[in-house]
Amino acid sequence: MSTGLTEMETPLRAILDRRAANRDLPPYRAALRHEIAAVLQGFFDATLPGATVADVKRVGGGASKEQFFFALTHEGETQRYLLRMDPRKAITETDRARESLLLDLMQGIVPVPRPAWTDNEARYFPQPAAIMHVVRGVTKPSVSAQKVSGLGTWLGPDYRDRLKDQFLDHLIAIHGFDWRGRPLPGFEVPDADAKQAARWTLNYWREIWRIDEGETRPIFALAEQWLLANLPDCAELVLTHGDYRTGNYLFDEDTAEITALLDWELARIGDYHEDLAWVLMQVFGTFDENRTFRASDLFEREEFIRAYEQRSGRTVNRKTLHFYDVLSSFKCYIICAANGSAAARSQHNHQDVLLTFLAAAAPMFADDLVRLLRQGEPA
Amino acid sequence: MIPTIDERLASIVRSLSEVIVPHLPEDASLAREQAGLIIGHVQIIRSQIDDAPAYEQAERDDAAALGQALLAEFPADRYGAAAMDALKQAITLTTSDVRESRRAINTAIEAVIQAISAGTCAASKSRLSSIILDFEDTRTQKDRKWFAPFGFDTI
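Going line by line, the protein sequences match chains A and B.
Going by UniProt numbering, the letters in the first sequence line up with residues 1 to 379, in that order.
Going by UniProt numbering, the letters in the second sequence line up with residues 1 to 155, in that order.
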């Protein structure tokens, strides 16, 4: 079912067409460990003869992938790997090949997991899959300090001080990636006009909303029209991460070193304000006992914007940032109210109960849209 | 009703919590997570089930009130007869299905928003935005309060 919102990156158009085409497939069942072990062994029998798979363990958490750790023994050496496999329908629709390509290119620029094998066409696995080398680290302190409230990860003052500079420097390094000098096959550049970057990303989200038959509400409809009428010019096209925030990187608990930036599947060439607004989303941050907000539990809002400007040399355009603030809440509303619910409704995911639980966060994003549209653009 | 729905839900929670979860293997992380979510879900359902029909009726009634406000503000002869007529019909639709009624009204409101946004009158767009924001400000606060037991919200 295509709804005519065709102006977006061609590979993303194909991903959304796949989501639409898969809507009527039969229910998806979470894979059992012995089934995954057999599939993995079959894959390695074909691609690395003599290798043996053992110790397959499911990884908890995550609403977008089925993940398993396993040990692979080959020529007397044993190494641990992570299998990331798409369910039939996830909370977002993405592409394993694009993610693996980026992870290869970002080696040595920022810390990222190293891809080992990719089966993007699901030739061996039941669904598209990638196998990654295992990286040490945690996404949140294993002994978490008292968190006041909210959905974001609470790091606490010690980790906050030790992680914030790395967090910012890695984001600036991603935005500084020389994508013109090192082209990204399969990625298209929104440079037909100055508004194309914003239009492409907005169209992607509008289209996935329609495919997943999100139930409209007045504030959502108003926000959609506001976004269409206020597309900003992009001053500089950069590589954006797409889901940059605490919770999407691993860090070493002893040294507080960020060991890997995760979840690159929404990366594209676009406007750096899109990443900045995502970092600044209230839902990914924390409020302390004084109601002070910290984005990703690292920076207060103005502190983050100023630090980004000082260290990157870029200017943060407040009107553009406001557009992407609205777009971020619009995206989160779609993810919770449409994408997750559609995956659960169609029984195409292994975590239906998690997805319907997360859908309860949608009113927060509807309220964010009210607040942001009422606040209006900065002068 | 014997047993009551609450008694049945309570027994599901207890069985899951005290019989099933303790027997799940320690490394069955997904199963343990999902069981925890099911328990949480069912407990919230227990606390909300009696009030759910009134909540859904209020959602529908708030949508209808917004629709009436739009009809009063934007006469059909000046702002697109088709969208306004559809909104009027959606509000007056006779059905016992409050969800269907809410959906129909919100879909009609969306069409009105699109029609006015496509126009050239800045004053109309500003008035439209003001009406929607006022109504949705109230509605989203009710929704946030309703879903607060899920623990995401800082409300």
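Glycine residues also receive a C-beta, built at the ideal position from the N, C-alpha and C atoms.
Interface partners of residue i on chain B, CB under 9 angstroms
i	result
Val59 of chain A	Ser29, Leu30
Leu354 of chain A	Glu33, Gln34, Leu37
Tyr347 of chain A	Correcting the residue identity first, residue 347 of chain A is Gln in this sequence and not Tyr. None at all; the shortest Cβ gap to chain B is about 14 angstroms.
Gln107 of chain A	Within 9 angstroms Cβ-Cβ: nothing; Gln107 of chain A doesn't reach chain B, min ~29 angstroms.
Supposed close pair residue i, residue j - CB separation, criterion 8 angstroms
i	j	result
Gly152 of chain A	Thr246 of chain A	7 angstroms
Thr140 of chain B	Ala366 of chain A	5 angstroms
Tyr308 of chain A	Leu276 of chain A	6 angstroms
Ala129 of chain A	Leu83 of chain A	6 angstroms
Ala108 of chain B	Leu87 of chain B	4 angstroms
Lys319 of chain A	Glu377 of chain A	5 angstroms
Leu105 of chain A	His74 of chain A	The Cβ separation is near 26 angstroms, so there is no contact.
Cys234 of chain A	Ala267 of chain A	Contact doesn't hold; Cβ gap of about 16 angstroms is too wide.
Leu373 of chain A	Ala223 of chain A	6 angstroms
Ile174 of chain A	Glu93 of chain A	Not really, about 22 angstroms apart at Cβ, beyond 8 angstroms.
Leu25 of chain A	His348 of chain A	7 angstroms
Phe152 of chain B	Ala90 of chain A	About 20 angstroms separates the two Cβ atoms, so there is no contact after all.
Arg102 of chain B	Ala52 of chain B	In fact, because the Cβ distance is near 13 angstroms, the residues do not count as touching under 8 angstroms.
Contact list for residue i against chain A, beta-carbon separation under 8 angstroms
i	result
Ile113 of chain B	Pro218, Ala221, Leu222, Gln225
Phe135 of chain B	Pro218
Arg60 of chain B	Under the 8 angstroms cutoff, chain A gives no residues; its nearest Cβ is about 12 angstroms from Arg60 of chain B.
Leu66 of chain B	Pro218
Thr140 of chain B	Ile219, Pro363, Ala366, Asp367, Val370
Arg144 of chain B	Pro363, Met364, Asp367
Phe74 of chain B	Simply none; closest approach about 14 angstroms.
Proximal residues to residue i (C-beta, below 6 angstroms), its chain only, five neighbours per side dropped
i	result
Ala71 of chain A	Ala54, Asp55, Thr78, Arg80
Arg96 of chain A	Thr118, Asn120, Pro128, Ala130
Ala344 of chain A	Asp352, Leu355, Thr356
Arg263 of chain A	Arg is not the amino acid found at residue 263 of chain A; the sequence shown has Asp there. Answer for Asp263 of chain A: Asp243, Asn248, listed in chain order.
Asp368 of chain A	Ser329
Thr286 of chain A	Gly150, Gly152, Trp154, Arg294, Asp297
Proximal residues to residue i (C-beta, below 7 angstroms), its chain only, five neighbours per side dropped
i	result
Ile116 of chain B	Phe74, Tyr79, Ser124, Lys125, Leu128
Pro111 of chain A	Ile258, Thr259, Ala260, Leu261
Met364 of chain A	Val283
Ala14 of chain A	none
Ser100 of chain A	Pro115, Thr118, Ala130
Length of the line joining the Cα atoms of residue i and residue j
i	j	result
Thr154 of chain B	Pro185 of chain A	43 angstroms
Ser47 of chain B	Lys145 of chain B	13 angstroms
Trp205 of chain A	Gly76 of chain A	48 angstroms
Val98 of chain B	Ala81 of chain B	25 angstroms
Gln34 of chain B	Leu355 of chain A	11 angstroms
Ala28 of chain B	Gly36 of chain B	12 angstroms
Gly313 of chain A	Phe293 of chain A	25 angstroms
Met1 of chain A	Asp212 of chain A	Low local confidence applies: a pLDDT of 41 at Met1 of chain A is under 50, so the model's placement there is unreliable, and no value is given.
Gly176 of chain A	Ala116 of chain A	25 angstroms
Leu16 of chain A	Val370 of chain A	28 angstroms
Phe43 of chain A	Gln114 of chain B	51 angstroms
Thr10 of chain A	Ile12 of chain B	48 angstroms
Ser130 of chain B	Asn317 of chain A	26 angstroms
Ile172 of chain A	Val138 of chain A	22 angstroms
Asp137 of chain B	Ser296 of chain A	26 angstroms
Asp288 of chain A	Cys332 of chain A	23 angstroms
Glu7 of chain A	Ala20 of chain A	17 angstroms
Leu227 of chain A	His322 of chain A	10 angstroms
Asp85 of chain B	Cys121 of chain B	20 angstroms
Glu26 of chain B	Thr92 of chain B	56 angstroms
Ser149 of chain A	Ala83 of chain B	Note that Ser149 of chain A has pLDDT 45, beneath the 50 cutoff, so the model's placement of it is unreliable and no number is given.
Ser64 of chain A	Ile44 of chain B	25 angstroms
Ala54 of chain B	Phe147 of chain B	15 angstroms
Lys140 of chain A	Met132 of chain A	21 angstroms
Val143 of chain A	Val21 of chain B	23 angstroms
Met281 of chain A	His241 of chain A	15 angstroms
Gly40 of chain B	Ala31 of chain A	24 angstroms
Ala104 of chain B	Asp158 of chain A	52 angstroms
Closer than 8 angstroms at the beta carbon, the chain B residues around residue i
i	result
Ile374 of chain A	The sequence shown places Arg at residue 374 of chain A, not Ile. What Arg374 of chain A touches in chain B: Leu133, Asp137.
Pro49 of chain A	By Cβ distance, chain B contributes nothing, its closest Cβ being about 30 angstroms from Pro49 of chain A, past 8 angstroms.
Phe357 of chain A	Leu37, Gly40, His41, Phe150
Ala30 of chain A	Leu30
Residues of its chain near residue i, where Cβ-Cβ distance is below 8 angstroms and the 5 sequence neighbours each way are ignored
i	result
Ile38 of chain B	Leu16
Arg33 of chain A	Val56, Lys57, Arg58, Phe68
Glu35 of chain A	none
Ala58 of chain B	Lys142
Partner residues on chain A for residue i, Cβ-Cβ distance less than 9 angstroms
i	result
His23 of chain B	By Cβ distance, chain A contributes nothing, its closest Cβ being about 17 angstroms from His23 of chain B, past 9 angstroms.
Asp51 of chain B	The premise fails here: Asp51 of chain B is roughly 15 angstroms from chain A at the closest Cβ pair, so nothing lies under 9 angstroms.
Exercise. Is it true that the segment 329 to 339 of chain A meets the segment 209 to 225 of chain A, where meeting means three or more beta-carbon pairs spaced less than 8 angstroms apart?
Worked result: yes
Exercise. Do the segment 158 to 172 of chain A and the segment 187 to 205 of chain A make contact, defined as three or more Cβ pairs closer than 8 angstroms?
Worked result: no
Exercise. If you pair each beta-carbon of the segment 287 to 307 of chain A with each one of the segment 266 to 274 of chain A, do three or more pairs fall below 8 angstroms?
Worked result: no
Exercise. When you check each C-beta in the segment 93 to 111 of chain B against every C-beta of chain E, which residues fall closer than 8 angstroms?
Worked result: Among the protein chains in the structure shown, which are A and B, there is no chain E.
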